[in-house]
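Step one of this worksheet: look at the structure below.
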Amino acid sequence: MMTIPVSVCLADRSPQQAYIDRYSKTAVAEMYRSGVPASITLAQGMLESSNGQSELAVKGNNHFGIKCHDWTGAKMYYDDDRRNECFRKYDSAWESFRDHSDFLRYRDRYKSLFDLKNTDYKGWAYGLKRAGYATDPAYPRKLIKLIEDYGLDRFDTMPASYGAGAEDDGASKTAAKAKKRRTRKNAAESDAAQTIPESPTVLEQAQPLDPDQGRKFSFPLSRQLYSQNGVPFVYSVPGETYSDIARSNGLFHKEILKYNDLSSDETLLPGTVVYLQKKKNQAARQVEMHIVDSDETLRDIAQRYGVRMKSLEKINGFEPGHPLREGDVVYLRK
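Quick note on numbering that gives the first Met the number 0: the sequence shown kicks off at 0 and runs consecutively.
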């Protein structure tokens, strides 16, 4: 029986197939971590990086053409839409894939995509264009063609075990840091990695409490209660003050201010979330981080996710009053 040299086999592969063979495990691992379909990740990587052969991919391990924005890591400069534009630079391709997933999952403008089925690659392709990922009008069609020409949709139904060990190919300081962060998670979170995570919009949605649940918190049932991250709250109504809400729920004024990370009273706008109990030390499972929008404060983020502001400062190593900039990452879990 004649043995074919490995070098010959590799030479016979197209650049597209070589890219798929090398990064399909990483794409599947990211799908189970973040919810981005593996087919979309691979197609975007192939298109944006010219199958791993672009200057950004070769010199900067940047497979998705993600620009610096407010990136604080290593950078490289490249002529794109404009001359000498700033792009993110990574220690490994694995880090680029991971950052791409987080870029989509934790930016509000892309979150609705995760309401789609992970097998709906056409919906994802057109949704990315609508959300502003690319300016090319043909971008969705190009992604769909790559997915259908190379059967990339088969990776959307691969078991989690297919992507096991994918990060080993891109081990680095950043990868080690991310791995250390994951080892702190409990067994329940490890089990969750075997399934594709829920959409961020589902995980972050406030839940109305029925009367039986309301009684559990020992609050009067004169108005609708809601829960965020397991913490009960009400939406303020026009003309209401923190003192009004405290009094009607059997709380001291200073208690309700503390529960809502306030040191002094402030005017309540209608529809403001007002917590009635102490918030949690971290966000709900699978709600890992938040990417800051313009003019957002740490308190805004604490209120949104039902987490104490002091806990967010501790998790992220922030000093009190730490300024946030658009694009900054705020971790929500230990």
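Backbone N, C-alpha and C fix where the C-beta goes; we use that ideal spot for every residue, glycine too.
When DSSP states are grouped into helix, strand and coil, serine 198 belongs to the coil group. Between arginine 284 and phenylalanine 113, the alpha-carbon positions lie close to 16 Å from each other. Taking C-beta separations shorter than 7 Å and ignoring five residues to either side along the sequence, the partners of leucine 267 in its chain run Ser235, Glu239, Thr240 and Tyr241, following chain order.
Per DSSP, valine 329 is one residue of the beta strand (DSSP E) stretching across 328-330.
Leaving aside the five residues that flank glycine 34 on each side, the residues in its chain whose CB is nearer than 6 Å to its CB run, in chain order, Phe113, Ile195 and Pro196. Here glutamine 43 is buried. Its C-beta has 16 or more other C-beta atoms within 10 Å. Within its own chain, the residues whose Cβ lies closer than 7 Å to the Cβ of tyrosine 149, once the five positions on either side in sequence are excluded, are Gln15 and Ile19, listed in chain order.
Annotated three-state conformation of arginine 32 is helix, per DSSP. Counting C-beta pairs with one atom in each stretch, the segment 115-128 and the segment 52-67 have fewer than three that are closer than 8 Å, which means they do not touch.
The C-alpha of glutamate 47 is placed about 44 Å away from the C-alpha of phenylalanine 232.
Contact between the segment 310-324 and the segment 243-250 is absent, with fewer than three C-beta pairs closer than 8 Å. The C-beta separation of lysine 278 from arginine 307 comes to about 5 Å, placing the pair in contact by the 8 Å criterion. When the alpha-carbon of threonine 134 is set against those of Ser160, Thr156, Asp80 and Asn117, the nearest one is in Asp80. In this structure, arginine 298 lies near aspartate 260, with their beta-carbon atoms less than 7 Å apart. Cβ-Cβ distances below 6 Å link arginine 32 to nothing in the same chain once the five nearest sequence neighbours on each side are left out. The residue among Val286, Ser38 and Asn315 with its C-alpha nearest the C-alpha of lysine 144 is Ser38. Cysteine 67 has its alpha-carbon roughly 12 Å from the corresponding atom of glycine 59.
Assigned with DSSP and collapsed to three states, lysine 313 falls in helix. By the neighbour-count definition (other C-beta atoms within 10 Å, threshold 16), phenylalanine 251 is an exposed residue.
DSSP places proline 139 in no beta strand (DSSP E) but in the uninterrupted alpha helix (DSSP H) bounded by 138-148. Residue pairing from DSSP places tyrosine 225 in a beta bridge opposite Pro207 and Phe232. Inclusion of tyrosine 161 and valine 27 in the CB contact set at 7 Å is warranted, their separation being smaller than that value. Rounded to whole angstroms, the separation of the alpha carbons of glutamate 147 and isoleucine 314 is 43 Å. Annotated as distal: valine 230 and histidine 289, with beta-carbon spacing of 7 Å or more. At a Cβ-Cβ threshold of 7 Å, tyrosine 225 and proline 207 count as neighbours.
Here the alpha carbon of glutamine 227 sits roughly 13 Å from the alpha carbon of threonine 271.
Annotated as proximal: leucine 331 and tyrosine 304, with beta-carbon spacing under 7 Å. By the 16-neighbour rule on beta-carbons within 10 angstroms, alanine 73 is exposed. Boundaries of the beta strand (DSSP E) harbouring histidine 289: 288-290, taken from the DSSP string.
Excluding five sequence positions before and after tyrosine 76, the CB atoms of its chain that fall closer than 8 Å to its own CB belong to Asn83, Glu84, Cys85 and Phe86, given in chain order.
Annotated as distal: glutamate 203 and serine 100, with beta-carbon spacing of 7 Å or more. According to DSSP, glutamate 295 shares a beta bridge with no other residue.
The straight-line gap separating the alpha-carbon atoms of methionine 157 and phenylalanine 96 is approximately 18 Å. Within 10 angstroms of the beta-carbon of proline 36 lie 16 or more other beta-carbons, which makes it buried. In this structure valine 273 is not in contact with isoleucine 300, their Cβ atoms being roughly 16 Å apart against a cut-off of 8 Å. Per DSSP, the unbroken beta strand (DSSP E) holding valine 272 starts and ends at 272-274.
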